[in-house]
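Chemist: So the sequence shown is numbered by the working numbering: it starts at 174 and just counts up by one.
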Amino acid sequence: MAEFNVVEAHQMSVEDATEKLKSFLGNLQGELDQLKVEEESWEGNVLNFAFTYSGQKITGAMTVGENDVTIKGPLSFILGVFKGQIETTIGENLRKALDA
């Protein structure tokens with residue numbers, strides 16, 4: 174099974190970065206027509222999530238660290254083919270959210 178892994182650096186406190194990212198999945202859903210957020214649960218600086226994209230379920234976790242944010246999770250065989258595109262899309266939107 175393939176796995177997606179996106180890491181973006183930041184230069185703010187964990188609290189500030191976490192606050193900026195509270196609306197990340199909602200914003201991502203607004204930009205991608207085929208994405209629907211199913212679950213979103215924050216535990217401190219970790220967001221556990223599940224969403225569907227083109228009918229395929231994607232689960233994972235976003236961890237806000239002192240110097241970076243990591244988003245990772247498993248991909249089904251079907252979505253593994255689109256791993257690069259998924260990582261690029263998530264990375265671009267993560268960078269936008271951190272820069273906002």
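Beta carbons: idealized from backbone N, C-alpha and C, even for Gly.
By DSSP's criteria, D241 is part of a beta bridge. Which residues make up the other side?
Modeler: Along the sequence shown, one-based indexing puts residue 241 at 68. DSSP lists A182 as partners of D241.
Chemist: Could you check whether L194 and M235 sit closer than 9 Å to each other, using their CB atoms as the reference points?
Modeler: In the sequence shown, residue 235 corresponds to position 62, counting from 1. In the sequence shown, residue 194 corresponds to position 21, counting from 1. Cβ distance < 9 Å, so M235 and L194 count as in contact.
Chemist: Residues in its own chain within less than 6 Å of G199 by CB, not counting five upstream and five downstream?
Modeler: Working through the sequence shown from its first residue, we reach residue 199 at position 26. Hits under 6 Å: none found.
Chemist: Looking at the strands, I want to know which residues DSSP matches up with E213.
Modeler: What you label residue 213 is simply residue 40 of the sequence shown in a count that begins at 1. BP columns for E213 point to F222.
Chemist: Please tell me whether E212 and F197 are closer than 9 Å, where the distance is taken between their beta carbons.
Modeler: Taking the sequence shown and counting its residues from 1, the one referred to as residue 212 is at position 39. Taking the sequence shown and counting its residues from 1, the one referred to as residue 197 is at position 24. It is not a contact, given that the beta carbons lie outside the stated cut-off.
Chemist: Buried or exposed: which applies to V210, given that a residue is buried once 16 or more other Cβ atoms fall within 10 Å of its Cβ?
Modeler: As a first step, residue 210 must be located in the sequence shown, where it is residue number 37. Counting Cβ neighbours within 10 Å, V210 comes out exposed, since fewer than 16 surround it.
Chemist: Which residue marks the beginning of the alpha helix (DSSP H) containing G203, and which one marks its end?
Modeler: The sequence position of residue 203 within the sequence shown is 30, counting from 1. From DSSP, the alpha helix (DSSP H) with G203 extends over F197 to E204.
Chemist: Based on Cα-Cα distance, which residue from L248, G257 and N240 lies nearest to E188?
Modeler: Locating residue 188 in the sequence shown gives position 15, where the first residue counts as 1. Among L248, G257 and N240, the Cα nearest to that of E188 belongs to N240.
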